[in-house]
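Residue numbers (mature numbering (1 follows the signal peptide of the UniProt record, and there is no 0)): -17 to -1, 1 to 549.
This is how it looks when you write it as C-alpha coordinates:
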(Lines of atoms letter the chains of each structure in order from A and count residues from 1; the text may use other names and numbers.)
(Lines give C-alpha, C1' and ligand atoms only; values in the text may rest on other atoms or scores of the structure.)
Protein backbone atom coordinates (compact mmCIF):
# COMPACT_ATOMS: atom_id res chain seq x y z
CA UNK A 1 0.00 0.00 0.00
CA UNK A 2 2.81 2.41 0.89
CA UNK A 3 4.49 1.65 -2.44
CA UNK A 4 1.28 2.42 -4.35
CA UNK A 5 0.95 5.74 -2.54
CA UNK A 6 4.54 6.76 -3.11
CA UNK A 7 4.78 5.85 -6.80
CA UNK A 8 2.68 8.81 -8.06
CA UNK A 9 4.63 11.17 -5.79
CA UNK A 10 7.95 9.99 -7.21
CA UNK A 11 6.66 10.21 -10.78
CA UNK A 12 5.34 13.74 -10.27
CA UNK A 13 8.57 14.93 -8.61
CA UNK A 14 10.62 13.44 -11.45
CA UNK A 15 8.43 15.05 -14.08
CA UNK A 16 8.66 18.46 -12.45
CA UNK A 17 12.42 18.13 -12.05
CA UNK A 18 13.09 17.74 -15.77
CA UNK A 19 13.97 21.09 -17.29
CA UNK A 20 13.83 21.08 -21.08
CA UNK A 21 14.61 24.77 -21.47
CA UNK A 22 17.67 25.77 -23.51
CA UNK A 23 19.94 27.71 -21.12
CA UNK A 24 20.18 31.39 -21.99
CA UNK A 25 23.96 31.20 -21.53
CA UNK A 26 24.36 28.78 -24.45
CA UNK A 27 25.73 30.68 -27.41
CA UNK A 28 25.21 30.11 -31.15
CA UNK A 29 22.53 27.43 -30.96
CA UNK A 30 21.61 27.70 -34.65
CA UNK A 31 23.49 27.57 -37.95
CA UNK A 32 22.75 28.98 -41.40
CA UNK A 33 25.27 26.83 -43.28
CA UNK A 34 23.76 24.79 -46.09
CA UNK A 35 23.81 21.03 -46.10
CA UNK A 36 26.40 20.97 -48.88
CA UNK A 37 28.68 23.28 -46.90
CA UNK A 38 28.41 21.01 -43.87
CA UNK A 39 29.22 17.95 -45.95
CA UNK A 40 32.31 19.69 -47.31
CA UNK A 41 33.59 20.53 -43.82
CA UNK A 42 33.47 16.85 -42.82
CA UNK A 43 34.99 15.76 -46.12
CA UNK A 44 37.87 18.19 -45.68
CA UNK A 45 38.71 16.69 -42.28
CA UNK A 46 38.72 13.18 -43.72
CA UNK A 47 41.12 14.33 -46.45
CA UNK A 48 43.57 15.61 -43.83
CA UNK A 49 43.61 12.16 -42.19
CA UNK A 50 43.89 9.99 -45.31
CA UNK A 51 47.70 10.31 -45.64
CA UNK A 52 48.20 9.24 -42.01
CA UNK A 53 46.92 5.65 -42.35
CA UNK A 54 49.45 2.85 -42.11
CA UNK A 55 49.53 0.43 -45.04
CA UNK A 56 50.64 -2.28 -42.60
CA UNK A 57 47.69 -2.44 -40.20
CA UNK A 58 45.05 -0.05 -41.55
CA UNK A 59 45.17 2.34 -38.58
CA UNK A 60 46.62 5.76 -37.82
CA UNK A 61 49.65 5.14 -35.54
CA UNK A 62 49.17 8.42 -33.67
CA UNK A 63 45.80 7.15 -32.42
CA UNK A 64 45.30 4.26 -30.02
CA UNK A 65 43.50 1.12 -31.19
CA UNK A 66 40.14 2.11 -29.71
CA UNK A 67 40.50 5.64 -31.09
CA UNK A 68 40.93 4.18 -34.56
CA UNK A 69 37.60 2.42 -34.02
CA UNK A 70 36.00 5.79 -33.29
CA UNK A 71 37.54 7.17 -36.47
CA UNK A 72 36.27 4.18 -38.46
CA UNK A 73 32.79 4.85 -37.08
CA UNK A 74 32.96 8.57 -37.88
CA UNK A 75 34.10 7.81 -41.43
CA UNK A 76 31.22 5.43 -42.14
CA UNK A 77 28.76 7.83 -40.55
CA UNK A 78 29.96 10.53 -42.90
CA UNK A 79 29.16 8.27 -45.86
CA UNK A 80 25.74 7.54 -44.36
CA UNK A 81 24.78 11.16 -43.82
CA UNK A 82 26.30 12.42 -47.08
CA UNK A 83 24.66 9.61 -49.12
CA UNK A 84 28.13 8.65 -50.29
CA UNK A 85 30.14 5.46 -50.68
CA UNK A 86 33.45 7.24 -51.16
CA UNK A 87 35.02 5.42 -48.20
CA UNK A 88 33.46 2.01 -48.73
CA UNK A 89 36.42 0.25 -50.35
CA UNK A 90 38.94 1.74 -47.92
CA UNK A 91 36.74 0.87 -44.93
CA UNK A 92 36.47 -2.76 -45.93
CA UNK A 93 40.20 -2.99 -46.50
CA UNK A 94 41.00 -1.39 -43.15
CA UNK A 95 38.55 -3.61 -41.31
CA UNK A 96 40.16 -6.73 -42.76
CA UNK A 97 43.39 -5.62 -41.06
CA UNK A 98 41.56 -5.01 -37.78
CA UNK A 99 40.03 -8.47 -37.46
CA UNK A 100 43.49 -9.97 -36.96
CA UNK A 101 44.29 -7.56 -34.13
CA UNK A 102 41.36 -8.28 -31.83
CA UNK A 103 42.26 -9.85 -28.49
CA UNK A 104 42.48 -13.65 -28.38
CA UNK A 105 40.04 -15.70 -26.36
CA UNK A 106 42.51 -16.07 -23.50
CA UNK A 107 42.79 -12.33 -22.88
CA UNK A 108 39.76 -10.29 -23.91
CA UNK A 109 39.86 -6.53 -23.30
CA UNK A 110 36.51 -4.74 -23.07
CA UNK A 111 38.05 -1.77 -24.87
CA UNK A 112 37.95 -3.72 -28.15
CA UNK A 113 34.16 -4.11 -28.10
CA UNK A 114 33.98 -0.78 -29.88
CA UNK A 115 34.99 -2.56 -33.08
CA UNK A 116 31.69 -4.43 -32.95
CA UNK A 117 29.88 -1.10 -33.02
CA UNK A 118 32.14 -0.02 -35.88
CA UNK A 119 31.09 -3.08 -37.86
CA UNK A 120 27.43 -2.28 -37.21
CA UNK A 121 27.85 1.28 -38.49
CA UNK A 122 29.61 0.06 -41.63
CA UNK A 123 26.80 -2.42 -42.28
CA UNK A 124 24.27 0.40 -42.01
CA UNK A 125 26.29 2.64 -44.29
CA UNK A 126 27.06 0.13 -47.05
CA UNK A 127 24.47 -2.65 -46.64
CA UNK A 128 27.35 -5.15 -46.74
CA UNK A 129 26.73 -8.32 -44.71
CA UNK A 130 30.50 -8.82 -44.35
CA UNK A 131 30.35 -6.17 -41.62
CA UNK A 132 27.27 -7.64 -39.96
CA UNK A 133 28.92 -11.07 -39.85
CA UNK A 134 31.94 -9.48 -38.16
CA UNK A 135 29.75 -7.69 -35.62
CA UNK A 136 28.23 -11.06 -34.69
CA UNK A 137 31.68 -12.67 -34.45
CA UNK A 138 32.97 -9.90 -32.19
CA UNK A 139 29.91 -10.26 -29.96
CA UNK A 140 30.60 -13.98 -29.69
CA UNK A 141 34.28 -13.40 -28.92
CA UNK A 142 33.58 -11.04 -26.02
CA UNK A 143 30.43 -12.63 -24.58
CA UNK A 144 32.53 -14.89 -22.31
CA UNK A 145 33.78 -11.69 -20.61
CA UNK A 146 30.26 -11.07 -19.31
CA UNK A 147 29.09 -12.20 -15.89
CA UNK A 148 26.12 -14.35 -16.94
CA UNK A 149 23.08 -14.98 -14.81
CA UNK A 150 24.40 -18.49 -14.14
CA UNK A 151 27.76 -17.05 -13.02
CA UNK A 152 26.03 -14.60 -10.70
CA UNK A 153 23.72 -17.23 -9.22
CA UNK A 154 26.68 -19.50 -8.45
CA UNK A 155 29.01 -16.67 -7.41
CA UNK A 156 31.68 -18.06 -9.70
CA UNK A 157 33.13 -16.86 -13.01
CA UNK A 158 32.67 -19.80 -15.35
CA UNK A 159 35.93 -19.49 -17.27
CA UNK A 160 38.26 -20.13 -14.34
CA UNK A 161 36.12 -20.57 -11.22
CA UNK A 162 37.12 -17.23 -9.66
CA UNK A 163 34.59 -16.54 -6.91
CA UNK A 164 32.68 -13.36 -6.04
CA UNK A 165 29.42 -12.45 -4.27
CA UNK A 166 26.23 -13.39 -6.12
CA UNK A 167 24.76 -10.01 -5.27
CA UNK A 168 26.02 -6.62 -4.18
CA UNK A 169 23.78 -4.39 -2.10
CA UNK A 170 20.89 -6.70 -2.83
CA UNK A 171 21.23 -6.64 -6.62
CA UNK A 172 22.51 -9.36 -8.93
CA UNK A 173 25.98 -9.01 -10.41
CA UNK A 174 24.87 -10.48 -13.75
CA UNK A 175 25.45 -8.38 -16.87
CA UNK A 176 28.72 -6.68 -16.00
CA UNK A 177 31.63 -6.96 -18.45
CA UNK A 178 35.00 -7.72 -16.86
CA UNK A 179 37.67 -5.11 -17.45
CA UNK A 180 40.06 -7.92 -18.34
CA UNK A 181 38.87 -11.47 -18.85
CA UNK A 182 42.09 -13.44 -18.48
CA UNK A 183 41.52 -17.13 -17.80
CA UNK A 184 44.59 -17.44 -15.56
CA UNK A 185 44.39 -14.06 -13.83
CA UNK A 186 41.00 -12.42 -14.26
CA UNK A 187 40.18 -8.97 -13.02
CA UNK A 188 37.06 -8.85 -10.89
CA UNK A 189 36.63 -5.21 -11.85
CA UNK A 190 33.71 -4.33 -14.10
CA UNK A 191 34.42 -1.62 -16.70
CA UNK A 192 31.54 0.79 -17.22
CA UNK A 193 32.42 1.61 -20.82
CA UNK A 194 32.84 -2.03 -21.80
CA UNK A 195 29.51 -2.91 -20.18
CA UNK A 196 27.82 -0.01 -21.98
CA UNK A 197 29.40 -1.02 -25.28
CA UNK A 198 28.29 -4.62 -24.84
CA UNK A 199 24.78 -3.44 -24.08
CA UNK A 200 24.87 -1.20 -27.16
CA UNK A 201 26.23 -3.90 -29.48
CA UNK A 202 23.63 -6.36 -28.19
CA UNK A 203 20.85 -3.81 -28.71
CA UNK A 204 22.01 -3.12 -32.28
CA UNK A 205 22.13 -6.83 -33.10
CA UNK A 206 18.68 -7.37 -31.62
CA UNK A 207 17.40 -4.43 -33.64
CA UNK A 208 18.80 -5.90 -36.87
CA UNK A 209 18.19 -9.64 -36.37
CA UNK A 210 15.33 -9.85 -33.85
CA UNK A 211 17.09 -12.71 -32.06
CA UNK A 212 16.05 -12.98 -28.43
CA UNK A 213 19.51 -13.71 -27.02
CA UNK A 214 20.69 -10.22 -28.02
CA UNK A 215 17.68 -8.70 -26.25
CA UNK A 216 18.45 -10.71 -23.11
CA UNK A 217 22.13 -9.71 -23.19
CA UNK A 218 21.33 -6.00 -23.57
CA UNK A 219 18.76 -6.09 -20.80
CA UNK A 220 21.10 -7.93 -18.43
CA UNK A 221 23.87 -5.35 -18.91
CA UNK A 222 21.39 -2.49 -18.56
CA UNK A 223 20.21 -3.97 -15.27
CA UNK A 224 23.79 -4.14 -14.00
CA UNK A 225 24.48 -0.51 -14.95
CA UNK A 226 21.32 0.73 -13.30
CA UNK A 227 21.86 -1.40 -10.18
CA UNK A 228 25.55 -0.69 -9.54
CA UNK A 229 26.98 2.14 -11.63
CA UNK A 230 24.61 5.09 -11.35
CA UNK A 231 26.31 7.98 -9.59
CA UNK A 232 23.94 10.44 -7.91
CA UNK A 233 25.83 13.70 -7.50
CA UNK A 234 25.17 16.26 -4.80
CA UNK A 235 22.97 18.37 -7.07
CA UNK A 236 20.84 15.40 -8.14
CA UNK A 237 22.47 14.86 -11.53
CA UNK A 238 22.87 11.22 -12.52
CA UNK A 239 26.11 10.17 -14.22
CA UNK A 240 28.08 6.92 -14.06
CA UNK A 241 30.88 5.55 -11.92
CA UNK A 242 33.80 4.42 -14.12
CA UNK A 243 34.33 1.01 -12.50
CA UNK A 244 32.74 -1.46 -10.10
CA UNK A 245 34.75 -3.96 -8.06
CA UNK A 246 32.93 -7.23 -7.30
CA UNK A 247 35.05 -7.61 -4.17
CA UNK A 248 34.33 -5.62 -1.98
CA UNK A 249 31.09 -4.74 -3.83
CA UNK A 250 31.62 -1.05 -4.49
CA UNK A 251 32.24 1.48 -7.28
CA UNK A 252 35.84 2.59 -7.72
CA UNK A 253 37.66 5.14 -9.83
CA UNK A 254 38.24 8.85 -9.97
CA UNK A 255 36.36 11.69 -11.61
CA UNK A 256 33.40 11.02 -13.86
CA UNK A 257 33.73 11.46 -17.62
CA UNK A 258 31.34 12.28 -20.44
CA UNK A 259 32.51 9.09 -22.17
CA UNK A 260 30.47 6.74 -20.01
CA UNK A 261 27.37 8.92 -20.16
CA UNK A 262 27.58 9.00 -23.95
CA UNK A 263 28.07 5.24 -24.24
CA UNK A 264 25.19 4.44 -21.91
CA UNK A 265 22.87 6.99 -23.50
CA UNK A 266 23.44 5.50 -26.93
CA UNK A 267 22.94 1.96 -25.66
CA UNK A 268 19.79 2.90 -23.73
CA UNK A 269 18.25 4.83 -26.62
CA UNK A 270 19.03 2.02 -29.08
CA UNK A 271 17.56 -0.59 -26.76
CA UNK A 272 14.46 1.51 -26.13
CA UNK A 273 13.91 1.80 -29.87
CA UNK A 274 14.69 -1.86 -30.59
CA UNK A 275 12.15 -3.01 -27.98
CA UNK A 276 9.55 -0.52 -29.24
CA UNK A 277 9.89 1.40 -25.98
CA UNK A 278 8.73 -1.49 -23.80
CA UNK A 279 8.17 -0.55 -20.18
CA UNK A 280 10.54 -2.26 -17.76
CA UNK A 281 8.61 -1.42 -14.60
CA UNK A 282 7.72 -5.04 -13.90
CA UNK A 283 11.35 -6.16 -14.15
CA UNK A 284 12.52 -3.70 -11.52
CA UNK A 285 9.58 -3.82 -9.11
CA UNK A 286 10.72 -2.72 -5.68
CA UNK A 287 13.88 -1.18 -7.15
CA UNK A 288 11.71 1.69 -8.34
CA UNK A 289 12.00 3.83 -5.24
CA UNK A 290 15.75 3.27 -5.09
CA UNK A 291 16.50 3.94 -8.76
CA UNK A 292 15.05 7.42 -8.99
CA UNK A 293 15.91 7.56 -12.68
CA UNK A 294 13.17 4.97 -13.31
CA UNK A 295 9.99 6.00 -15.09
CA UNK A 296 7.22 4.38 -17.05
CA UNK A 297 9.36 3.84 -20.12
CA UNK A 298 12.89 3.84 -21.46
CA UNK A 299 12.40 6.99 -23.52
CA UNK A 300 11.83 8.94 -20.30
CA UNK A 301 14.99 7.48 -18.79
CA UNK A 302 16.98 8.35 -21.90
CA UNK A 303 15.55 11.88 -21.92
CA UNK A 304 16.56 12.43 -18.32
CA UNK A 305 20.01 11.01 -18.86
CA UNK A 306 20.55 13.18 -21.96
CA UNK A 307 19.57 16.31 -20.02
CA UNK A 308 21.99 15.38 -17.25
CA UNK A 309 24.82 14.90 -19.73
CA UNK A 310 24.26 18.27 -21.42
CA UNK A 311 24.02 20.26 -18.21
CA UNK A 312 26.59 18.53 -15.98
CA UNK A 313 29.01 21.27 -14.95
CA UNK A 314 32.23 19.20 -14.53
CA UNK A 315 32.46 18.77 -18.30
CA UNK A 316 30.25 21.57 -19.66
CA UNK A 317 31.11 25.27 -19.66
CA UNK A 318 28.48 27.83 -18.76
CA UNK A 319 28.16 28.72 -22.44
CA UNK A 320 27.46 25.08 -23.32
CA UNK A 321 30.86 24.17 -24.78
CA UNK A 322 32.27 20.82 -23.62
CA UNK A 323 35.42 21.63 -21.71
CA UNK A 324 37.06 18.37 -20.58
CA UNK A 325 40.81 18.78 -20.33
CA UNK A 326 42.34 17.39 -23.55
CA UNK A 327 45.73 16.97 -21.87
CA UNK A 328 44.23 14.06 -19.93
CA UNK A 329 43.89 11.11 -22.32
CA UNK A 330 41.18 9.41 -20.32
CA UNK A 331 38.96 12.43 -19.75
CA UNK A 332 39.63 14.58 -22.76
CA UNK A 333 39.70 14.90 -26.50
CA UNK A 334 39.88 11.31 -27.74
CA UNK A 335 36.77 10.26 -25.85
CA UNK A 336 34.60 13.35 -26.18
CA UNK A 337 32.89 12.11 -29.32
CA UNK A 338 31.09 9.42 -27.31
CA UNK A 339 28.84 12.03 -25.74
CA UNK A 340 28.18 13.65 -29.12
CA UNK A 341 27.24 10.32 -30.67
CA UNK A 342 25.04 9.28 -27.76
CA UNK A 343 23.14 12.56 -27.96
CA UNK A 344 22.81 12.37 -31.73
CA UNK A 345 21.53 8.80 -31.46
CA UNK A 346 18.84 9.91 -29.05
CA UNK A 347 17.97 12.85 -31.30
CA UNK A 348 17.41 10.52 -34.26
CA UNK A 349 15.09 8.38 -32.11
CA UNK A 350 13.02 11.31 -30.87
CA UNK A 351 10.25 13.27 -32.62
CA UNK A 352 11.90 16.37 -34.02
CA UNK A 353 9.34 18.68 -32.43
CA UNK A 354 9.87 17.20 -28.96
CA UNK A 355 11.49 19.28 -26.24
CA UNK A 356 14.40 16.88 -25.79
CA UNK A 357 15.16 16.94 -29.53
CA UNK A 358 15.27 20.74 -29.49
CA UNK A 359 17.70 20.82 -26.56
CA UNK A 360 19.99 18.19 -28.11
CA UNK A 361 20.04 19.99 -31.45
CA UNK A 362 20.93 23.28 -29.75
CA UNK A 363 23.70 21.61 -27.74
CA UNK A 364 25.25 19.96 -30.82
CA UNK A 365 25.14 23.23 -32.75
CA UNK A 366 26.85 25.04 -29.86
CA UNK A 367 29.78 22.64 -30.27
CA UNK A 368 29.61 22.95 -34.07
CA UNK A 369 29.75 26.74 -34.11
CA UNK A 370 32.44 26.82 -31.47
CA UNK A 371 34.62 24.55 -33.64
CA UNK A 372 34.22 26.92 -36.56
CA UNK A 373 35.39 29.78 -34.36
CA UNK A 374 38.52 27.86 -33.36
CA UNK A 375 39.64 26.30 -36.64
CA UNK A 376 43.07 27.36 -37.90
CA UNK A 377 42.53 30.09 -40.51
CA UNK A 378 42.20 28.84 -44.07
CA UNK A 379 42.77 25.19 -43.03
CA UNK A 380 40.76 22.23 -41.76
CA UNK A 381 42.86 21.81 -38.60
CA UNK A 382 40.88 21.63 -35.36
CA UNK A 383 42.16 21.90 -31.82
CA UNK A 384 41.64 19.04 -29.33
CA UNK A 385 40.66 21.78 -26.87
CA UNK A 386 37.25 23.05 -27.91
CA UNK A 387 37.79 26.24 -25.93
CA UNK A 388 40.65 27.11 -28.31
CA UNK A 389 42.96 28.51 -29.43
CA UNK A 390 43.40 27.18 -33.00
CA UNK A 391 46.23 24.72 -33.62
CA UNK A 392 49.09 25.67 -35.97
CA UNK A 393 49.74 21.99 -36.77
CA UNK A 394 47.49 19.01 -37.42
CA UNK A 395 46.66 16.86 -34.38
CA UNK A 396 44.82 13.62 -35.28
CA UNK A 397 42.82 13.56 -32.03
CA UNK A 398 41.60 17.07 -32.67
CA UNK A 399 40.47 16.04 -36.15
CA UNK A 400 38.75 12.91 -34.82
CA UNK A 401 36.63 14.76 -32.29
CA UNK A 402 35.82 17.56 -34.69
CA UNK A 403 34.63 15.00 -37.24
CA UNK A 404 32.00 13.65 -34.84
CA UNK A 405 30.46 17.09 -34.38
CA UNK A 406 30.78 18.08 -38.05
CA UNK A 407 29.03 14.88 -39.10
CA UNK A 408 26.10 15.35 -36.78
CA UNK A 409 25.59 18.91 -37.97
CA UNK A 410 24.83 17.38 -41.37
CA UNK A 411 22.16 15.23 -39.78
CA UNK A 412 20.40 17.68 -37.48
CA UNK A 413 19.74 20.42 -40.00
CA UNK A 414 19.85 19.80 -43.75
CA UNK A 415 18.63 21.86 -46.68
CA UNK A 416 14.87 22.31 -47.02
CA UNK A 417 13.21 20.33 -49.81
CA UNK A 418 13.66 21.72 -53.31
CA UNK A 419 10.37 22.92 -54.77
CA UNK A 420 9.53 21.87 -58.32
CA UNK A 421 7.77 24.52 -60.42
CA UNK A 422 4.77 23.05 -62.26
CA UNK A 423 2.82 24.29 -65.27
CA UNK A 424 -0.54 26.06 -64.94
CA UNK A 425 -3.65 23.93 -64.58
CA UNK A 426 -6.92 24.43 -66.42
CA UNK A 427 -10.23 24.81 -64.59
CA UNK A 428 -11.16 21.25 -65.57
CA UNK A 429 -7.94 19.94 -64.07
CA UNK A 430 -8.57 21.93 -60.89
CA UNK A 431 -12.11 20.57 -60.49
CA UNK A 432 -10.95 17.07 -61.28
CA UNK A 433 -8.15 17.45 -58.79
CA UNK A 434 -10.56 18.62 -56.11
CA UNK A 435 -12.83 15.61 -56.62
CA UNK A 436 -9.85 13.30 -56.72
CA UNK A 437 -8.51 14.92 -53.60
CA UNK A 438 -11.76 14.27 -51.77
CA UNK A 439 -11.58 10.60 -52.73
CA UNK A 440 -7.95 10.43 -51.61
CA UNK A 441 -8.84 11.99 -48.26
CA UNK A 442 -11.59 9.42 -47.76
CA UNK A 443 -9.20 6.59 -48.62
CA UNK A 444 -6.58 8.05 -46.31
CA UNK A 445 -9.10 8.25 -43.45
CA UNK A 446 -10.03 4.61 -43.96
CA UNK A 447 -6.37 3.64 -44.06
CA UNK A 448 -5.71 5.51 -40.82
CA UNK A 449 -8.58 3.69 -39.15
CA UNK A 450 -7.15 0.35 -40.25
CA UNK A 451 -3.68 1.35 -39.08
CA UNK A 452 -5.11 2.34 -35.71
CA UNK A 453 -6.69 -1.08 -35.29
CA UNK A 454 -3.36 -2.67 -36.09
CA UNK A 455 -1.24 -0.45 -33.89
CA UNK A 456 -0.01 -3.38 -31.82
CA UNK A 457 1.73 -4.88 -34.83
CA UNK A 458 5.51 -4.85 -34.43
CA UNK A 459 7.19 -1.82 -35.94
CA UNK A 460 9.89 -4.12 -37.35
CA UNK A 461 7.66 -4.80 -40.33
CA UNK A 462 7.98 -1.15 -41.33
CA UNK A 463 10.88 0.67 -42.95
CA UNK A 464 11.67 4.21 -41.84
CA UNK A 465 13.46 6.74 -43.98
CA UNK A 466 15.10 10.15 -43.69
CA UNK A 467 13.03 13.23 -42.93
CA UNK A 468 11.72 15.66 -45.50
CA UNK A 469 14.74 17.91 -45.13
CA UNK A 470 16.76 15.40 -47.13
CA UNK A 471 14.46 15.24 -50.19
CA UNK A 472 16.36 16.12 -53.35
CA UNK A 473 15.11 17.19 -56.78
CA UNK A 474 13.33 14.41 -58.73
CA UNK A 475 13.66 11.96 -55.83
CA UNK A 476 10.79 10.57 -53.80
CA UNK A 477 11.64 9.72 -50.21
CA UNK A 478 8.91 8.67 -47.75
CA UNK A 479 8.50 10.96 -44.77
CA UNK A 480 9.35 9.12 -41.51
CA UNK A 481 6.48 7.56 -39.63
CA UNK A 482 6.35 8.12 -35.92
CA UNK A 483 5.96 4.90 -33.95
CA UNK A 484 5.29 6.05 -30.42
CA UNK A 485 7.97 8.42 -29.10
CA UNK A 486 10.72 7.01 -31.33
CA UNK A 487 11.55 7.54 -34.99
CA UNK A 488 13.94 5.38 -36.96
CA UNK A 489 15.48 7.60 -39.62
CA UNK A 490 17.06 5.01 -41.90
CA UNK A 491 16.07 1.82 -43.73
CA UNK A 492 17.11 -0.89 -41.20
CA UNK A 493 15.99 -2.72 -39.15
CA UNK A 494 15.34 -5.34 -41.78
CA UNK A 495 13.14 -8.37 -41.25
CA UNK A 496 14.84 -11.11 -39.24
CA UNK A 497 18.00 -12.24 -41.01
CA UNK A 498 19.02 -15.89 -41.23
CA UNK A 499 22.68 -15.28 -40.52
CA UNK A 500 25.32 -17.87 -41.44
CA UNK A 501 26.06 -18.57 -37.77
CA UNK A 502 22.47 -18.31 -36.56
CA UNK A 503 22.23 -21.98 -35.54
CA UNK A 504 25.19 -21.49 -33.18
CA UNK A 505 23.83 -18.19 -31.92
CA UNK A 506 20.53 -19.61 -30.78
CA UNK A 507 22.20 -21.13 -27.71
CA UNK A 508 20.81 -19.72 -24.49
CA UNK A 509 22.70 -16.55 -23.58
CA UNK A 510 23.68 -17.91 -20.17
CA UNK A 511 25.59 -20.75 -21.84
CA UNK A 512 27.64 -18.90 -24.45
CA UNK A 513 30.75 -20.95 -25.23
CA UNK A 514 34.07 -19.70 -23.93
CA UNK A 515 35.60 -20.42 -27.32
CA UNK A 516 35.14 -17.35 -29.51
CA UNK A 517 33.86 -17.46 -33.03
CA UNK A 518 36.47 -16.89 -35.69
CA UNK A 519 36.11 -13.35 -36.94
CA UNK A 520 34.63 -13.30 -40.40
CA UNK A 521 37.20 -12.54 -43.06
CA UNK A 522 36.93 -11.21 -46.56
CA UNK A 523 35.68 -14.35 -48.29
CA UNK A 524 32.85 -15.13 -50.70
CA UNK A 525 29.58 -14.25 -48.96
CA UNK A 526 27.44 -17.01 -47.50
CA UNK A 527 24.17 -17.70 -49.29
CA UNK A 528 22.10 -15.88 -46.72
CA UNK A 529 19.17 -13.63 -47.70
CA UNK A 530 20.33 -10.15 -48.58
CA UNK A 531 18.65 -7.13 -46.98
CA UNK A 532 16.99 -4.68 -49.37
CA UNK A 533 19.26 -2.04 -50.87
CA UNK A 534 18.92 1.31 -49.12
CA UNK A 535 17.52 4.29 -51.06
CA UNK A 536 20.05 6.60 -52.65
CA UNK A 537 18.73 9.80 -51.11
CA UNK A 538 20.69 11.33 -48.22
CA UNK A 539 19.88 9.52 -45.02
CA UNK A 540 19.81 10.44 -41.36
CA UNK A 541 21.44 7.38 -39.89
CA UNK A 542 21.64 6.29 -36.33
CA UNK A 543 24.75 6.96 -34.35
CA UNK A 544 26.90 4.70 -32.13
CA UNK A 545 29.36 3.76 -29.22
CA UNK A 546 33.05 3.00 -27.98
CA UNK A 547 35.72 1.81 -25.56
CA UNK A 548 36.56 0.71 -22.06
CA UNK A 549 39.05 3.49 -21.33
CA UNK A 550 36.91 5.78 -19.27
CA UNK A 551 39.02 7.44 -16.60
CA UNK A 552 42.24 7.16 -14.68
CA UNK A 553 42.85 3.45 -14.16
CA UNK A 554 42.23 2.44 -10.52
CA UNK A 555 45.29 1.34 -8.59
CA UNK A 556 43.71 -2.06 -8.05
CA UNK A 557 43.54 -2.77 -11.78
CA UNK A 558 45.82 -5.60 -12.90
CA UNK A 559 49.21 -4.63 -14.37
CA UNK A 560 48.31 -6.14 -17.77
CA UNK A 561 45.67 -3.46 -18.23
CA UNK A 562 48.12 -0.72 -17.39
CA UNK A 563 50.35 -2.06 -20.16
CA UNK A 564 47.53 -2.16 -22.69
CA UNK A 565 46.34 1.38 -22.14
CA UNK A 566 49.76 2.85 -21.67
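Glycine included, each C-beta is placed from N, C-alpha and C at the ideal position.
In the displayed model, residue 228 falls within a strand according to three-state DSSP.
Ranked by how close their Cα comes to the Cα of residue 196, the residues 119, 288, 150 and 28 have 119 in first place. A distance below 8 Å separates the beta carbons of residue 55 and residue 77.
Under the three-state reduction of DSSP output, residue 1 falls in the coil class, being neither helix nor strand.
Assignment of residue 74 by DSSP, reduced to helix, strand and coil, places it in the helix class. Residue pairing of residue 234 in beta bridges, as defined by DSSP: 227.
DSSP places residue 43 outside any alpha helix (DSSP H), giving it a letter other than H or E.
Of the residues assessed, residue 361 falls on the exposed side of the cut-off, its CB having fewer than 16 other CB atoms within 10 angstroms. When the alpha-carbon of residue 112 is set against those of 338, 191, 39 and 200, the nearest one is in 191. Between residue 74 and residue 170, the alpha-carbon positions lie close to 34 Å from each other. Excluding five sequence positions before and after residue 21, the CB atoms of its chain that fall closer than 6 Å to its own CB belong to 392 and 393, given in chain order. In this structure residue 146 is exposed. Its beta-carbon is surrounded by fewer than 16 other beta-carbon atoms within 10 angstroms.
With a contact defined as Cβ atoms closer than 8 Å, residue 141 and residue 162 miss out at about 17 Å. By the Cβ rule, the segment 368 to 381 does not count as touching the segment 329 to 336, because fewer than three pairs are nearer than 8 Å. Here residue 180 is not near residue 115, since their CB atoms are 8 Å or more apart.
Residue 381 is not bridged by DSSP to any residue. Taking a C-beta distance under 8 Å as the contact criterion, residue 321 and residue 241 qualify as a contact pair. Membership of residue 172 in the beta strand (DSSP E) is indicated by the continuous run 172 to 174. The DSSP-derived three-state label of residue 145 is strand.
The C-alpha of residue 25 lies about 29 Å from the C-alpha of residue 121. Counting along the chain, the unbroken alpha helix (DSSP H) around residue 247 starts and ends at 241 to 257. A straight line joining the alpha-carbon of residue 205 with that of residue 221 spans about 15 Å. Comparing alpha-carbon positions, the option among 57, 64 and 231 lying closest to residue 380 turns out to be 57. According to the DSSP assignment, residue 113 belongs to the alpha helix (DSSP H) that extends over 112 to 125. Here the C-alpha atom of residue 156 lies approximately 26 Å from the C-alpha atom of residue 289.
Counting along the chain, the unbroken beta strand (DSSP E) around residue 214 starts and ends at 213 to 215.
Of all alpha-carbon atoms in 149, 175, 256 and 346, the one lying nearest the alpha-carbon of residue 231 is that of 149. For the set 328, 100 and 199, the Cα lying nearest the Cα of residue 390 is the one of 328. Nearest C-alpha to residue 10 among 304, 340 and 63: 304. Here the C-alpha atom of residue 227 lies approximately 45 Å from the C-alpha atom of residue 19. Partner residues in the beta bridge of residue 155, as assigned by DSSP, are 150. DSSP places residue 92 within a strand segment (E or B) once states are collapsed to three. Excluding sequence positions up to five before and after residue 102, its CB lies within less than 6 Å of the CB of 114, 117 and 118, all in the same chain and listed in chain order. In the three-state reduction of the DSSP assignment, residue 299 falls in the strand class. Nearest to residue 330 by C-alpha distance, out of 340, 388 and 366, is 340. By the 16-neighbour rule on beta-carbons within 10 angstroms, residue 69 is exposed.
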